[in-house]
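Residue numbers (my numbering): 92 to 338. For glycine and all other residues, C-beta sits at the position ideal for the given N, C-alpha and C. Note that the coordinates shown come from a computational prediction; the quantities given were computed from them, not determined experimentally.
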């Protein structure tokens with residue numbers, strides 16, 4: 092078989108011209124702005140909240156994704172700068188998501204950024220998760236969610252509850268179409284954060300770290316007078332042996 096050859100495309104740009112130099116400097120300056128924004132997104136909610144998260148014995152979302160991916164796998168992050176410059180939003184918002192290889196299979200991976208509002212669902216993070224859901228459905232990619240979420244960002248609930256229902260619809264549709272949905276729960280996942288494990292095909296919860304419930308112990312006590320601990324109410328052991336939420 093003869094070696095296939097491709098034509099060489101020669102650039103006609105005059106790299107010594109003043110116009111070229113001005114454009115080059117402008118592009119380098121723009122790249123610097125993007126690099127700074129990406130670094131900000133990688134920092135999550137800031138040093139204070141990152142340190143608090145690590146002190147609890149937990150790891151950060153990008154570390155979780157890195158440990159999940161195959162060695163030397165690519166990771167194509169989606170909407171890394173979502174929310175940048177928006178009032179009330181952190182660059183990257185409260186979720187990290189993208190596409191990578193797990194056991195040799197291309198998967199959509201989503202991880203809660205618990206250092207940003209406790210991983211709460213915001214209008215911007217909802218847009219990111221919606222885009223990932225579209226990619227999953229259009230390409231029939233398994234979806235893996237690494238959850239640690241405080242549920243909806245209540246001050247913005249008017250922007251979340253109606254469109255947020257689409258995310259749960261996507262989960263059920265993927266199950267119906269035999270596209271696997273997998274959920275790994277690493278910490279407290281309340282209200283809206285509890286629906287994802289509750290509706291996923293396969294669920295793994297970290298023992299003595301993960302809890303899944305619609306309302307935590309304080310709200311249960313206020314509503315019913317019952318005193319229940321976090322593990323008793325929604326821990327991994329309970330969900331693995333009684334409710335059946337966890338596998």
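A straight line joining the alpha-carbon of residue 204 with that of residue 118 spans about 31 Å. Relative to residue 102, the option among 95, 111 and 96 whose CA is nearest is 111. Excluding sequence positions up to five before and after residue 285, its CB lies within less than 7 Å of the CB of 303, 304 and 305, all in the same chain and listed in chain order. Between the beta-carbon of residue 133 and that of residue 155 there is about 14 Å, and that puts the pair past the 8 Å contact cut.
In this structure, residue 224 lies away from residue 198, with their beta-carbon atoms at least 9 Å apart. Measuring C-alpha to C-alpha distances from residue 327 to each of 288, 317, 268 and 313 identifies 288 as the nearest. Put simply, the backbone Cα of residue 322 is about 10 Å away from that of residue 307. The alpha-carbon of residue 144 is positioned some 50 Å away from that of residue 104. Each of 193, 236 and 115 was checked against the Cα of residue 294, and the nearest Cα belongs to 236. With a threshold of 16 other beta carbon atoms within 10 Å, residue 161 falls short and is exposed. With the rule of 3 Cβ pairs closer than 8 Å, the stretch 238 to 251 counts as touching the stretch 265 to 283. Residue pairing by DSSP puts residue 293 in a beta bridge opposite 273. Residue state for residue 97 is assigned as coil, using DSSP reduced to three classes.
Taking a cut-off of 8 Å on C-beta distances, the stretch 169 to 184 does not touch the stretch 255 to 273, as fewer than three cross pairs fall below it. If you look at residue 229, you'll find it isn't in any beta strand (DSSP E); it sits in the alpha helix (DSSP H) that goes 214 to 230. Judged by pairs of C-beta atoms under 8 Å, the stretch 209 to 217 does not touch the stretch 263 to 274, as fewer than three such pairs exist.
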